[in-house]
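Step one of this worksheet: look at the structure below.
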Amino acid sequence: MLQFKHEDRQYNSDSENITLHEVIKALGLDNKKVIAAKFNGELSDLSRIVSTSGEVDAITIDSPEGLEILRHSTAHLMAQAILRLYPGSHFGVGPAIKDGFYYDVDVAGTITEDDLPKIEAEMRKIAGAGEKVSRSDMTKDEALKFFQNDPYKTELITDIDAPTVSVYKQGEYADLCRGPHVSDASKIHNFKLLSIAGAYWRGDEHNKMLTRIYGTAFATPDELKEYIRRMEEAKLRDHRKLGKDLDLFSLHEEGPGFPFFHPKGMAVMNTLIEFWRREHIKRGYTEIKTPQILDRELWVRSGHWDHYRENMYLTEIDEKTYAIKPMNCPGSILVYKTQLRSYRDLPMRLAELGCVHRHEKSGVLHGLMRVRCFTQDDAHTYIEPSKIREEVTAIMELDKYFYTNVFGFKYTVELSTRPDDSMGTDEQWNEAENALREALESTNTPYTINPGDGAFYGPKIDFHLEDCIGRTWQCGTIQLDFQLPGRFDVTYIGEDGAEHTPVLIHRVVFGSVERFMGILIEHYAGAFPYWLAPVQIKIIPIADSHLDYARELQNAFMNQNLRSEIDTRSEKLGRKIRDAQMQKIPYMLVVGDKEKENHTVGVRERSKGDLGSMSLDEFMNVLSKEFNPLR
RNA sequence: GCCGGUGUGGCUCAGAGGUAGAGCAGCGCACUCGUAAUGCGCAGGUCAACAGUUCGAAUCUGUUCACCGGCUCCA
1127 MLQFKHEDRQ
1137 YNSDSENITL
1147 HEVIKALGLD
1157 NKKVIAAKFN
1167 GELSDLSRIV
1177 STSGEVDAIT
1187 IDSPEGLEIL
1197 RHSTAHLMAQ
1207 AILRLYPGSH
1217 FGVGPAIKDG
1227 FYYDVDVAGT
1237 ITEDDLPKIE
1247 AEMRKIAGAG
1257 EKVSRSDMTK
1267 DEALKFFQND
1277 PYKTELITDI
1287 DAPTVSVYKQ
1297 GEYADLCRGP
1307 HVSDASKIHN
1317 FKLLSIAGAY
1327 WRGDEHNKML
1337 TRIYGTAFAT
1347 PDELKEYIRR
1357 MEEAKLRDHR
1367 KLGKDLDLFS
1377 LHEEGPGFPF
1387 FHPKGMAVMN
1397 TLIEFWRREH
1407 IKRGYTEIKT
1417 PQILDRELWV
1427 RSGHWDHYRE
1437 NMYLTEIDEK
1447 TYAIKPMNCP
1457 GSILVYKTQL
1467 RSYRDLPMRL
1477 AELGCVHRHE
1487 KSGVLHGLMR
1497 VRCFTQDDAH
1507 TYIEPSKIRE
1517 EVTAIMELDK
1527 YFYTNVFGFK
1537 YTVELSTRPD
1547 DSMGTDEQWN
1557 EAENALREAL
1567 ESTNTPYTIN
1577 PGDGAFYGPK
1587 IDFHLEDCIG
1597 RTWQCGTIQL
1607 DFQLPGRFDV
1617 TYIGEDGAEH
1627 TPVLIHRVVF
1637 GSVERFMGIL
1647 IEHYAGAFPY
1657 WLAPVQIKII
1667 PIADSHLDYA
1677 RELQNAFMNQ
1687 NLRSEIDTRS
1697 EKLGRKIRDA
1707 QMQKIPYMLV
1717 VGDKEKENHT
1727 VGVRERSKGD
1737 LGSMSLDEFM
1747 NVLSKEFNPL
1757 R
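To convert a position in the first sequence, counted from 1, into the numbering used here, add 1126.
Written out as structure tokens, the structure is:
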């Protein structure tokens, strides 16, 4: 007799051949949402026949695990449809991912975006017909024979480190797959194919490029609709579109990857930088500026020539090779070395808003997020080895203040360890990695480990901010460097009167000021908070006769370092307000006869609407209540 | 860099071998207006670049460039 349990329920079966679905029914767990099972903690098909006792759970379509299975099965359904429409196609891998699924296909012929509806229709046909899905387990040899005409599956099977594999069949289509899957395709209703792209087989750029088709599936039609709505919302927040609409920056064929910042974009960037400077001065940083172009020899010495050359732009001056700097560290080191340093000078925190150039492959450029020239809000801290934890902790506090308190971001932290292409000994790396780990653990910071993703000179802590579509962007980083100080003979005189080598900490908060601005544009959907807004106040005269008064007001604002504009067009009030709203300007001041006479302003706030008339002093008081980290 | 797609006035887009179109923005004129689009008029493009096919190319072909979606890489 077999015994099945679920929490306090129990079912005893006389049969030694019972499917999990039957058990789930017997336990009273079945309903329409059930699409898979869990047996002793292992996800399984409903059709799986069990011959031992155990713990049983039903997986429903609306659970995270169920949704993943649904999407995975939808990927298979898509593959079957593609096989029908493009016979002879081969399939690579087709997993469920964060918001859907994809399948990499070596298509017999070509598939374009226009073909997606056709494939979708075929999928609905197959699902409507209730195509059954069945699993068979076979040995690797049997599987190799089964897939002998499929180079991709053959490669996958060969690499699998298990004696047996499973194959899922639905109609004429069969796929190597761990499963589980829905028991028949009619369970799949709410799906959509989204886009098409190239993807290298097994993610290796030396391999053949397959056609990747992205899609998604949800438990209910409403969730699918909501997802599509969210994608549209994300499109509206796209910083490239808003950058154009709000006149912040532009990109030109004449300088791919080199953004042009317009006056309004610079107003935002300068405000960010002003804030950044203040916070750094408060925390004991001083600022330097080092040259854009430096001798090749410097980069050889720093190791960049060996480890970073393909990203560097080179130039020639008087028949000598120079490099346009891709990083600020060597310049900082030269500044440090201009004097003999004492342990009393440490930690020495040299900050630099350095503009660095890096050659990025043409296909990766993306608005402000991925460019070939950007401003790092860099700082290099020279420190006694015993002070690492303390200093790293202080930087993490600074990061938290910026990200959470000022900008309201969620972020995650990653510890990246030694990469293949790196300098230094294992001992140095272990020491450096342990120092970072201790800093993270002593501050109870949750983190994940990203093996092999450190810089070539040391391990690092990375801060990833999440944007409105759930993409994450690496912004801050804290990198320990036990290499460069040695390479450049960087020293300080210790308390003992002897020469010592300091540890170098590289760190950024914004990362790239340009990228950070891009993230902020999307984060705020272009509606910058008052303190950052490129135009804080729009003065709207009702008629031309109020222009003089408007100019008077603007002068008052200029004296207070407030950014204001006057709408001088001879348009109707409604039009001027509409345009100011669309520019997402925080405050609109309507001035007409009444205001001019009483020396007041009619205040309209972009989201609260009309706040009524008040004196200039009263308005200034309203402004003083706005969040402003610069005060 | 690779795969696929797209390049038409400042912006959004129509036109698919036979003398370049619309709306918005701009400019001019009228209106001088009270909280999300006043009306009329004018001007604006070697149709991404280069080569080819053709009597004739924005339209067909090729090459290049840029952009978009991904892959690889990354702040």
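C-beta: ideal position from N, C-alpha, C; glycine also.
Cβ neighbours of residue i in the same chain (closer than 7 angstroms, five flanking residues each side left out)
i, result
"Ala1393", "Pro1660, Arg1689"
"Pro1213", "Ala1234"
"Gly1722", "It should be pointed out that residue 1722 corresponds to Lys in this sequence rather than to Gly. His1672, Tyr1675, listed in sequence order."
"Lys1279", "Phe1273, Leu1302"
"Arg1641", "Leu1494, Met1495, Phe1500, Trp1599"
"Pro1347", "Asn1316"
"Thr1694", "Leu1673"
Reference residue i; option with closest CA among the options
i, options, result
"Gly1329", "Asp1230, Gln1465, Thr1530, Thr1598", "Asp1230"
"Phe1165", "Arg1613, Glu1181, Lys1151", "Glu1181"
"Lys1463", "Leu1699, Glu1142, Thr1617, His1198", "Thr1617"
"Lys1759", "Glu1723, Thr1337, Glu1436", "The question about residue 1759 has no answer here: the residues shown for the chain are numbered 1127 through 1757."
"Trp1402", "Asp1364, Leu1282, Glu1478", "Glu1478"
"Ala1255", "Ala1222, Asp1225, Gln1296, Thr1238", "Gln1296"
"Arg1250", "Gly1578, Tyr1583, Lys1313", "Lys1313"
"Leu1715", "Leu1737, Gln1709, Ser1696", "Leu1737"
"Leu1440", "Arg1563, Leu1146, Leu1420", "Leu1420"
"Pro1572", "Glu1380, Glu1257, Lys1536", "Lys1536"
"Met1474", "Gly1644, Pro1755, Asn1531, Ile1459", "Ile1459"
"Glu1349", "Asp1719, His1315, Tyr1340", "His1315"
"Leu1172", "Gly1218, Leu1203, Gly1305, Glu1281", "Gly1305"
"Pro1452", "Trp1431, Val1482, Val1291, Thr1574", "Val1482"
"Ser1739", "Lys1318, Val1717, Lys1266, Thr1236", "Val1717"
6 angstroms Cβ shell around residue i - same chain, five flanking residues per side excluded
i, result
"Gly1620", "Tyr1469, His1626"
"Glu1752", "Tyr1656"
"Glu1191", "Ile1185"
"Tyr1529", "Phe1535, Tyr1537"
"His1147", "Leu1172"
Limits of the alpha helix (DSSP H) - the one that residue i falls within
i, result
"His1365", "1365 to 1371"
"Arg1730", "Note, Arg1730: premise wrong, no alpha helix (DSSP H); beta strand (DSSP E) at 1726 to 1731."
"Arg1613", "1610 to 1613"
"Leu1491", "Note, Leu1491: premise wrong, no alpha helix (DSSP H); not H, not E."
"Leu1153", "From DSSP, Leu1153 is part of no alpha helix (DSSP H); its letter is neither H nor E."
"Ala1288", "First-last for Ala1288: undefined, no H or E at that position."
"Thr1202", "First, the residue type needs correcting, since residue 1202 is His and not Thr in the sequence shown. Segment 1190 to 1211, the alpha helix (DSSP H) holding His1202."
Cβ-Cβ distance between residue i and residue j below 7 angstroms
i, j, result
"Glu1540", "Asp1588", "yes"
"Phe1375", "Pro1385", "yes"
"Ile1561", "Ile1514", "According to the sequence provided, residue 1561 is Ala. The question's Ile does not apply to it. Cβ atoms of Ala1561 and Ile1514: closer than 7 angstroms."
"Pro1628", "Leu1606", "no"
"Arg1427", "Arg1613", "yes"
"Ala1323", "Leu1336", "no"
"Val1149", "Thr1186", "no"
"Arg1760", "Glu1239", "No answer is possible for residue 1760: the residues shown for the chain start at 1127 and end at 1757."
"Phe1582", "Asp1546", "no"
"Asp1525", "Val1639", "no"
"Pro1755", "Val1532", "yes"
"Leu1270", "Ile1286", "no"
Same chain, Cβ closer than 8 angstroms to residue i, five either side skipped, listed in chain order
i, result
"Gly1167", "Glu1181"
"Leu1742", "Leu1679, Ala1682, His1725, Thr1726, Val1727"
"Tyr1527", "Glu1405"
"Met1127", "Asn1138, Ser1139, Asp1140"
Residue i: first and last residue of the uninterrupted beta strand (DSSP E) it sits in
i, result
"Gln1662", "Neither: Gln1662 is in no beta strand (DSSP E) and is coded neither H nor E."
"Asn1796", "Outside the modelled stretch of the chain, which goes from 1127 to 1757, sits residue 1796, for which no answer is possible."
"Ile1339", "1335 to 1344"
"Phe1165", "1160 to 1165"
"Met1738", "Note that residue 1738 is Gly in the sequence shown, not Met. From DSSP, the beta strand (DSSP E) with Gly1738 extends over 1735 to 1741."
"Ala1311", "Ala1311 -> no beta strand (DSSP E), and no H or E assigned at all."
"His1483", "1474 to 1483"
"Met1714", "1713 to 1717"
"Thr1416", "That residue, Thr1416, is in no beta strand (DSSP E); it is neither H nor E in DSSP."
"Ala1581", "From DSSP, Ala1581 is part of no beta strand (DSSP E); its letter is neither H nor E."
Could you check whether the segment 1399 to 1414 touches the segment 1521 to 1535, counting it as contact only if at least three pairs of C-beta atoms, one from each stretch, sit closer than 8 angstroms? Short answer: they touch.
Determine, using beta-carbon pairs with one atom in the segment 1350 to 1363 and one in the segment 1238 to 1249, whether at least three such pairs fall under 8 angstroms. With the cut-off at 8 angstroms, the segment 1350 to 1363 and the segment 1238 to 1249 do not touch.
Taking one C-beta from the segment 1539 to 1555 and one from the segment 1489 to 1509 each time, how about it: are there three or more such pairs within less than 8 angstroms? No, the segment 1539 to 1555 does not touch the segment 1489 to 1509.
Would you be able to state if there are at least three C-beta pairs under 8 angstroms between the segment 1172 to 1181 and the segment 1218 to 1232? The answer is no - the segment 1172 to 1181 does not touch the segment 1218 to 1232, with fewer than three Cβ pairs under 8 angstroms.
Using 8 angstroms as the Cβ pair cut-off and three pairs as the minimum, do the segment 1489 to 1504 and the segment 1662 to 1670 touch? Judged by pairs of C-beta atoms under 8 angstroms, the segment 1489 to 1504 does not touch the segment 1662 to 1670, as fewer than three such pairs exist.
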